[in-house]
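Asks: Numbering follows this note's numbering, in which position 228 of the sequence shown is assigned residue number 235; successive positions increment by one, without gaps.
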Amino acid sequence: MNKKGGFNKSGQITIFIILAVIIVAGGVILYFIFPEATTGFGVSTNNPNLYIQNCMEDEIENNVDIISSQGGSMNPENFILYKDDKIDYLCYTSEFYVSCAMQQPLLKQHIEEEIKESIKDETDSCFNSLVEDFENQGYDVNLVRGKTTAEILPKRVEVTFENDLTLTKENSERYEKIVVTVNKNIYELMSIANSILNMEARYGDSETTIYMNYYHDLKVEKLEQNDGSTIYILTNRDTNEKFQFASRSVAFPPGI
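So, in structure tokens, the structure goes:
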């Protein structure tokens, strides 16, 4: 019985040793098969594109939401206050009986510039963090900063960082640009806003039901204010994304 028990004990130890070797070997194999394993923070340790995507996407999404709620500007100057939101006038006149003038005739380009400017600080922080993290992994890092562009496209917003990045360890890898994509359909709402603004500038008013008849996922709120201003709230019923803006056109004096 003692011999049998001793044999079982040594046999168990041998099995545990074999299992431990298999687990360690498996871990090494997985590391080389999947070198882009992520850290606990969800940032890839050796994929610059994914690193910047994870670092920047929340900032871009949040800023797009803020800009969309304020008529296309991060810091509106000529605005009307509505429920604590500063909503920019995109078509405006201070006079009575006069059609408004477009304030941002190139609205798409204006919003793209606003997005780009609003993420400057986070861009610096993310790329500085990238350099530090890769250097800590033993890479020689050479980063030459270039221009940043934001582009509003159907169903998404793309931000391109034309930064020349070279990573050198055993081999060298070069990245001439990094593109971050966020799923925001400001493109459609902005296009509808432009159409409404054209009617405001031409006729002094707009008919909004035609848009809801055509776009079944769209809700258009037209809120007329006492000073002759009109606030428009465009909402995608499926995603709850919004674009808010204001107009003051062919306004009448109080009491008329």
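From the three backbone atoms N, C-alpha and C, an ideal C-beta is built for every residue, glycine too.
Along the chain, which unbroken stretches of the alpha helix (DSSP H) at least 4 residues long are found entirely within the region 70-149?
Replies: Runs found: 114-125, 127-143.
Asks: What's the C-alpha gap between residue 59 and residue 186?
Replies: Distance between the alpha carbons of residue 59 and residue 186: 8 Å.
Asks: Buried or exposed: which applies to residue 232, given that a residue is buried once 16 or more other Cβ atoms fall within 10 Å of its Cβ?
Replies: Label assigned to residue 232: exposed.
Asks: Identify whether residue 39 lies in helix, strand or coil by the three-state DSSP scheme.
Replies: For residue 39, the predicted model reports a pLDDT of 43, less than 50, meaning its position is unreliable; a value from the coordinates is still stated below. Helix, per DSSP.
Asks: What separation, rounded to the nearest whole angstrom, lies between the Cα atoms of residue 91 and residue 55?
Replies: Rounded to whole angstroms, residue 91 to residue 55 spans 39 Å at the Cα level.
Asks: DSSP three-state call for residue 47: helix, strand or coil?
Replies: Low local confidence applies: a pLDDT of 34 at residue 47 is under 50, so the model's placement there is unreliable, with the coordinate-based value given in what follows. Of the three classes helix, strand and coil, the one that applies to residue 47 here is coil, per DSSP.
Asks: Beta-carbon separation of residue 154 and residue 165 under 8 Å?
Replies: No; because the gap between Cβ atoms is not below 8 Å, this pair is not in contact.
Asks: Which partner residues of residue 228 appear in the DSSP bridge assignment?
Replies: According to DSSP, residue 228 bridges with 240.
Asks: With a threshold of 6 Å on Cβ separation, who are the neighbours of residue 149 within its own chain once the five nearest residues in sequence on each side are excluded?
Replies: These residues qualify, in order along the chain: 173.
Asks: Which of helix, strand or coil does DSSP assign to residue 213?
Replies: The answer is coil: DSSP assigns residue 213 none of H, G, I, E or B.
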